[in-house]
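Beneath this line is the structure, given in structure tokens, with notes to follow.
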Amino acid sequence: MLWPTVLLVCYLTTASMAAAVNSSTAITSAEVVNPSALAAAIGGSVGAVFGVQTETGDTRIIYQALPSNNIMQLSVSGPFSNTTFSTVPFILVPGSNVLTGTPINGFIVGPQFTTYGFYYLAPNLVVSEWYWLSTTGIHWGTGTACPDCIQNSGFVASVNTIGLYAMATVNGGRRVGVLSSDQSGIVEVDRVSFGSPYVFARLPPTKPGT
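Here's what the structure looks like:
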């Protein structure tokens, strides 16, 4: 399966903070986030963090606040060194729906946050998502609240999961990589476009030297 126009944002922890974006759209690299500085700015402890920005520098930093477990969003106009505005962090996902110490990873597709979102683990280790479409707003939850959200499929991560990866395409394709509770090694949960179901896929074997 080909995945054109893919963007990947690396999972961040307080031990290793880095972010990268790779896309053929007009999206530039995400800001590197200093966890100590971010924690001081918000007045609390921070778990996993990732950040994305548009070609204008408009930035979204998503992180888990501890000990509340809430997944929060901070919006800034660009690099911290010359930011002209920032928002008060606000809750995207209530902590009661989030695993303590969850990994978080996300994506952005198109200019000016046409589509962006992230994946995380629920307290029962179910892989879950939150996403935004510029045409329809926030999508999150289960059942009729978000019929196409991955949490409806019940994919369960391993208790040893410390990270995950996420990719997206302009037509709504998604790839989510995670350690599965009942499979060995890394697996993916994929969908080909908006409205398509998520499908479980094992990482294919590789040959020595390839």
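Using the numbering used here, read the sequence shown as starting at 384 and increasing by one per residue. Ideal Cβ positions, reconstructed from N, Cα and C, are used throughout, including at glycine. Computed from a prediction, not measured in an experiment: that's the story for all the values here.
Discussion item. Can you tell me where the beta strand (DSSP E) holding V570 begins and where it ends?
Written reply: I569 to R574
Discussion item. Please report the straight-line C-alpha distance between I454 and D565, rounded to a whole angstrom.
Written reply: 27 Å
Worksheet item: Closest to P521 by CA distance: which of L504, I444, V509 and G500 is it?
Response: Reading off the sequence, residue 521 comes out as Ile, not Pro. Out of L504, I444, V509 and G500, G500 has the C-alpha closest to the C-alpha of I521.
Practice prompt. Please name the residue, chosen from T498, G524 and I545, that lies closest to S563 on a Cα-to-Cα basis.
Written response: I545
Practice prompt. Write down the C-beta distance between V492 and T437 rounded to the nearest angstrom, noting that I regard them as a contact closer than 8 Å.
Written response: Incorrect: roughly 11 Å between the Cβ atoms, too far for contact.
Practice prompt. Look at the alpha carbon of V570 and the alpha carbon of L475, and state the distance between them as a whole number of angstroms.
Written response: 27 Å
Fill in: Cα-Cα separation between G600 and R557, rounded to whole angstroms
Nothing can be reported for residue 600, as the shown portion of the chain is limited to 384 through 593.
Worksheet item: If you run the structure through DSSP and keep just helix, strand and coil, what is T527?
Response: helix
Discussion item. What residue range does the beta strand (DSSP E) around T458 cover?
Written reply: The amino acid occupying residue 458 in the given sequence is Ser; Thr does not appear at that position. Start and end: I454 to V459.
Item to complete: From the DSSP output, in three-state form, read off C393 for me.
Response: Bear in mind that a pLDDT of 34 at C393, under 50, signals an unreliable position, so the number given afterwards is only what the model happens to contain. Residue state, collapsed to three classes: coil.
Fill in: Length of the line joining the Cα atoms of L508 and T483
10 Å
Worksheet item: Is it buried or exposed for Y548, if we count other Cβ within 10 angstroms and need 16 for buried?
Response: buried
Item to complete: Name the one or two DSSP bridge partners that I491 has.
Response: Y499
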